[in-house]
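Novice: In terms of the working numbering, the sequence shown opens at residue 3 and continues consecutively.
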Amino acid sequence: MPSDRSVRTILERLVGFPTVSRDSNLELIDWVEEYLDDLGVPAHRVWSADRRKAQIYAHVGPEVEGGVVLSGHTDVVPVDGQDWSTDPWRLTEKAGRLYGRGTADMKGFDALALAAMPRALAAPLKRPLQLALSYDEEVGCLAVCDMIDEMAQRLPRAHAVIVGEPSMMQVVTGHKGGTGYMVHVQGFEVHSSLLHRGVSAVMEAARLIDWANRRNAASAAAQPAPAAAAFDPPWTTVHVGTIAGGTAGNITAKDCRFSIEFRVVPGDRVDDWESAFEAEVARIEAEMQRLRPETRIVLEKHYALPPLEPEADGVAEGLVRRLTGDNGTHVVSYGTEGGQFQRRGFSTVICGPGDIAQAHQPDEYITVAQLEAGERFLDRLIDHLSE
3 MPSDRSVRTI LERLVGFPTV SRDSNLELID WVEEYLDDLG VPAHRVWSAD RRKAQIYAHV
63 GPEVEGGVVL SGHTDVVPVD GQDWSTDPWR LTEKAGRLYG RGTADMKGFD ALALAAMPRA
123 LAAPLKRPLQ LALSYDEEVG CLAVCDMIDE MAQRLPRAHA VIVGEPSMMQ VVTGHKGGTG
183 YMVHVQGFEV HSSLLHRGVS AVMEAARLID WANRRNAASA AAQPAPAAAA FDPPWTTVHV
243 GTIAGGTAGN ITAKDCRFSI EFRVVPGDRV DDWESAFEAE VARIEAEMQR LRPETRIVLE
303 KHYALPPLEP EADGVAEGLV RRLTGDNGTH VVSYGTEGGQ FQRRGFSTVI CGPGDIAQAH
363 QPDEYITVAQ LEAGERFLDR LIDHLSE
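1. Alpha carbon to alpha carbon, how far is Leu-196 from Tyr-367? Give it in angstroms, no decimals.
2. Give the list of continuous alpha helix (DSSP H) stretches no shorter than 4 residues that lie fully inside the stretch 90 to 170.
3. As a quick exercise: from Glu-287, Leu-38, Arg-382, Gly-68, pick the residue whose alpha carbon is nearest that of Val-201.
4. Less than 8 angstroms separating the beta-carbons of Val-79 and Glu-140?
5. Using CA atoms only, rank isn't needed, just tell me which of Ser-50, Gly-176, Ser-136 is closest to Cys-353.
6. Taking 6 angstroms as the limit between beta carbons, can you name the residues of its chain near Ala-230, skipping five residues before and five after?
7. Looking only at its own chain, which residues have a Cβ that is under 6 angstroms from the Cβ of Val-317, when we skip the five neighbours before and after it?
8. Assuming Glu-14 and Met-184 form a contact by the criterion Cβ under 8 angstroms, report the distance between their Cβ atoms to the nearest whole angstrom.
9. Would you mind listing the alpha helix (DSSP H) stretches within the stretch 5 to 46 that are 4+ residues and don't spill past its ends, in chain order?
10. What does Tyr-183 pair with, by DSSP beta-bridge criteria?
11. Contact between the stretch 375 to 385 and the stretch 338 to 346: three or more CB pairs below 8 angstroms?
12. Closest to Ala-115 by C-alpha separation, out of Val-81, Thr-88, Ile-58, would be which residue?
13. For Ala-97, does the count of other Cβ atoms within 10 angstroms reach 16, so buried, or fall short, so exposed?
14. Tell me which same chain residues have a C-beta within less than 7 angstroms of the C-beta of Gly-179, skipping the five on either side of it?
15. Rounded to the nearest angstrom, what separates Pro-126 and Gly-376 at their Cα positions?
16. Return helix, strand or coil for Ala-284, following the three-state DSSP convention.
17. Is it the case that the Cβ atoms of Phe-260 and Val-240 are separated by a distance below 8 angstroms?
18. Does Ser-335 come out as helix, strand or coil in the three-state DSSP assignment?
19. Where does the unbroken alpha helix (DSSP H) through His-386 begin, and where does it stop?
20. May I ask which residues mark the beginning and end of the beta strand (DSSP E) holding Ile-245?
21. Do you know whose CA, among Lys-109, Gly-69, His-304, Asp-212, lies nearest Lys-128's CA?
22. Just to check my reading of the structure: Pro-130 and Gly-63 have Cβ atoms closer than 8 angstroms, yes? What is that Cβ distance to the nearest angstrom?
23. Whole angstroms is fine: what's the gap from Gly-74's alpha carbon to Ala-246's?
24. Please state the DSSP three-state secondary structure of Val-173.
25. Tell me, please, which residues DSSP counts as bridged to Gly-74.
26. Can the beta-carbon of Val-71 be found closer than 8 angstroms to that of Ala-60?
27. Using the Cβ count rule (16 or more neighbours within 10 Å means buried), how would you classify Asn-215?
28. Nearest-angstrom Cα distance between Glu-276 and Glu-282?
29. What is the C-beta distance between Val-48 and Glu-152, in whole angstroms, given that I count them as a contact (C-beta under 8 angstroms)?
30. Restricting to Cα atoms, I'd like to know which of Glu-36, Arg-156, Arg-103, Val-34 is closest to Glu-65.
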């Protein structure tokens, strides 16, 4: 293990692991485990069912409650089809920017958290600092649940969780929840001149998509709830991102597949939106089957993410506001693993380096200045835990 434990060196190493969510992250996890072992910090893995991936968590400091969790994810989105001017898997510095896949979202924060471990070891901590690095955040934020539950059982309970998603080091106290489905409409093929005898999967899918449009229009026209008013937009949105179906212009489509997602504001319940959509699916499916009993609509839920709700007198919010000096009101429409921590009783806030506008983009970058701001923030956190 290299003796250089600077944020820049660690970030360079992390970016070099192409941990796209569809692939294994074990090379990165092996490296992190070796890094922590070299420090004398025990690390604990939480494996995926197929053991192709793992999460890792660790604890530094006294075995007492009241510590802080630094939460990050190790997976990144693909670079397929993107026009990069640099190698996405090699950290490249230009004009004060560090380019590479995941630099902003969110290996920059991961590097900061790992670089903080030796500093925390050297400090007279009175409350612990804990590290939690997950996988599959980019495809649903579900895997982290197993790690949170195990940490709650095996470690002294932390009083605050800081999710280091890119927020330009602002204190973000709320985000939308979400849920998403892959929908497979299975129709019945006939010649299009005999449309009334068949069931077009494409046209039935269009009815569900029109339901999404109508729900969006109704939500946009309604008065926003107080808990949602700060969001842009201040209502739950329903979005269809992909669709494919049919074989020819003169055949009623046998199959149509599309994706649909719900970005749910605090105050709305993810479960309620799921129930409303599934009820509409059941209604349309029943109409299809009255004509052709063999037709159906198959739903595959691929994620369900609770919102992060602003907390009244939240411990995490109060702590991070003291450390950053940020007293503004900030909420975001993207989702994070923060909602999963909060649902399990942890006071949670989002605060991390980098701009979310760079996330998932070609030539993704984080500025050197943002990394330096993150490093100062964690230095202040370690001082706070030593008081």
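Every residue gets a Cβ at the ideal spot worked out from N, C-alpha and C, and that includes glycine.
Quantities reported herein were computed from a predicted structural model and do not represent experimental measurements.
Specialist: On the basis of the supplied data:
1. Those two C-alpha atoms are separated by around 55 angstroms.
2. If we require 4 residues or more, the alpha helix (DSSP H) runs fully inside the stretch 90 to 170 come out as 110 to 124, 146 to 156.
3. Ranking Glu-287, Leu-38, Arg-382, Gly-68 by Cα distance to Val-201 puts Glu-287 first.
4. Contact: yes.
5. Of Ser-50, Gly-176, Ser-136, the residue nearest in Cα terms is Gly-176.
6. The residues are Pro-236, Val-267, Gly-269.
7. Short of 6 angstroms from the beta carbon of Val-317, and not among the five residues preceding or following it, lie these beta carbons of its own chain, in chain order: His-161, Ala-162, Ser-349.
8. Contact between Glu-14 and Met-184 fails: their C-beta atoms lie close to 37 angstroms from each other, not under 8 angstroms.
9. As far as the stretch 5 to 46 is concerned, its whole alpha helix (DSSP H) runs of at least 4 residues are 9 to 17, 28 to 41.
10. Ile-262, Lys-303.
11. Flag = no, the stretch 375 to 385 and the stretch 338 to 346 do not touch.
12. For the residues Val-81, Thr-88, Ile-58, the minimum Cα distance to Ala-115 belongs to Ile-58.
13. The residue in question, Ala-97, is exposed, as its Cβ has fewer than 16 Cβ neighbours within 10 Å.
14. So the list reads Val-266, Val-272, Leu-307, Pro-308, Pro-309, Gly-337, Gly-341, once near-sequence residues are dropped.
15. Each residue's alpha carbon lies about 21 angstroms from the other.
16. In this structure, DSSP gives Ala-284 a helical state, which the three-state scheme calls helix.
17. Cβ distance not < 8 angstroms, so Phe-260 and Val-240 don't count as in contact.
18. Shown here, Ser-335 sits in coil according to DSSP, grouped into three states, outside any helix or strand.
19. Annotation for His-386: the continuous alpha helix (DSSP H) segment containing it runs 370 to 387.
20. Residues 239 to 247.
21. The shortest CA-to-CA distance from Lys-128 to any of Lys-109, Gly-69, His-304, Asp-212 is the one to Gly-69.
22. 3 angstroms between Cβ atoms; contact.
23. Distance between the alpha carbons of Gly-74 and Ala-246 is about 34 angstroms.
24. Here Val-173 sits in coil by DSSP.
25. By DSSP's assignment, Gly-74 forms a beta bridge with Leu-135.
26. No.
27. The residue in question, Asn-215, is exposed, as its Cβ has fewer than 16 Cβ neighbours within 10 Å.
28. The straight-line gap from Cα to Cα measures roughly 10 angstroms.
29. That pair is a contact at about 6 angstroms.
30. Of Glu-36, Arg-156, Arg-103, Val-34, the residue nearest in Cα terms is Arg-156.
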